[in-house]
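For the sequence shown, UniProt numbering assigns the number 1 to the initial residue and increments by one for each residue that follows.
Since the structure comes first, as structure tokens, the remarks are kept for the end.
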Amino acid sequence: MNYESLKVSLTTAPDREETSPVLLVPYMWIGDFVRCHTVVRVLKDRWPNRPVDVLTTTLCAPLVDYMPGVRQGIVWDLPRSKISLSQERALAARLRQEGYGASVVMPRTFKSTIAPWLAGIPKRTGFIGEVRFGLLNDWRRGEKALPRMIDRCAALALPPLPELPLDWPEPQLQVPQTEIAAWRQANGLHGRTVVALAPGAVGPAKRWSYYVEAGKALAERGFEVWVVGGPGETAKAQEIVAAGGAQVRDLTGTDLRNGILALAAADLVISNDSGLLHVSAAIGSRTIGIFGPTSPWHYAPLNPIETVIQAPGDIPCRPCHKPICRMQHHRCMRDIAVEDVTTAALRALQAAGIAPAI
């Protein structure tokens, strides 16, 4: 089944004209949060008259501002790794104000279902997880049989189906050019062709080994280089700045909006398999993804990107999908040469008419 055929079938659904709002509870990692915009698009295709709100953390909240089809983000920072009943009750009280008719809960945790249940949302959809039968009333089986996270997420936006499409709608982040221009002006970022580097990732195994060398090589070719990421990437950014000189800017920090605007403004983005890879791809920026321990088929963005770069040859332990290299050689990242990445970058820019031929 393809998605367009499925979309046509949704137009005859008996609940097509439902108007009560829907609450989406996504995963709160940046890349997964972006990926869940596909779910928003599916919900809007299924129920065009139902407003869709997204529960979000403070960290991910800036993404909601650029997601078409989302009415609002409900910003609430629940404590991690524990359940606070007082916080859950307060969140439930906030949710009750919106009069939700349905909730779609992406995570499999018990904790993620508490507030929708306490809020009395009539329909609460999710996969069977941590003994959630009483908290969910539209529970689904078969999550582990679905090959990709996007399949697991988007399936919950639909009625139970015997077959799911593989060509889901792509996530979208629409960043106004006026906002990009104002951001560049405010930060004194003018002029040269820009290559943004996103050297961070969850777990050291997913981080390419040679961003310092790549940043220097690109700066020597006359490009402006921006290093984008959270505070955990600031030390690496400072290394790249030290090696590349005045043409390299450290744009890391705690404000995700700053990263979103940098990725939107850049002429090319080079990123590990990380949240910022998904942000860049959903914006539509030219993007190169560097993959080591993770499978691009499972974890690359749905959006088209310029290229996926992986280490050549047979590496028996790849993909392991582990945050730390258990073999202690990190070959899946160490065997990706600086020249492989810089050549791919120059080719992508040349194809866009930005860089000279190589």
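In this text, a Cβ means the ideal position worked out from N, Cα and C, and glycines have one as well.
Computed from a predicted model, the values in this text were never measured in an experiment.
Asked, Found
"Three-state secondary structure (DSSP) of Q310", "coil"
"Own chain partners of P296 with C-beta closer than 6 Å, once the 5 adjacent residues on each side are dropped", "V308"
"From W226, V225, G275, K322, residue whose alpha carbon lies closest to that of A300", "G275"
"Coil, strand or helix - R148 by DSSP", "coil"
"From S20, D15, Q172, A61, residue whose alpha carbon lies closest to that of G99", "S20"
"Segments of 4+ residues assigned as alpha helix (DSSP H) that fall wholly inside the segment 123-203", "149-155, 177-187"
"Sequence-distant residues of the same chain with beta carbon closer than 6 Å to M1, five excluded per side", "E163, P165"
"Burial state of K144 (16 or more Cβ within 10 Å)", "exposed"
"Residue range of the unbroken beta strand (DSSP E) whose run includes E339", "Element bounds for E339: not the beta strand (DSSP E) but the alpha helix (DSSP H), 338-351."
"Beta-carbon gap between Q172 and A282 smaller than 8 Å", "yes"
"Sequence-distant residues of the same chain with beta carbon closer than 8 Å to R141, five excluded per side", "F127, I128"
"Neighbour-count burial assignment, T294, 16 or more Cβ in a 10 Å radius", "buried"
"Residues near P169 by beta carbon distance below 7 Å, same chain, minus five either side", "Y3, T38, R41, V42"
"As assigned by DSSP and simplified to three states, the class of T109", "coil"
"Rounded separation between I336 and P204 - CA only", "15 Å"
"CB contact flag (H95, P68, <8 Å)", "Rather than His, the amino acid found at residue 95 in this sequence is Leu. Contact flag unset, no."
"Run of the alpha helix (DSSP H) containing S86, from where it starts to where it stops", "85-96"
"C-beta atoms of G200 and G232 nearer than 8 Å", "yes"
"Own chain residues within Cβ distance below 8 Å of W29, not counting five before or after", "V202, G275"
"I114 burial status per 10 Å Cβ neighbour count (16 or more: buried)", "buried"
"Exposure label - D53; buried when at least 16 CB within 10 Å", "buried"
"Short Cβ contact (8 Å threshold) for residue 397 with A214", "This structure cannot speak to residue 397, because the chain is shown only from 1 to 358."
"DSSP-derived helix/strand/coil call for W117", "helix"
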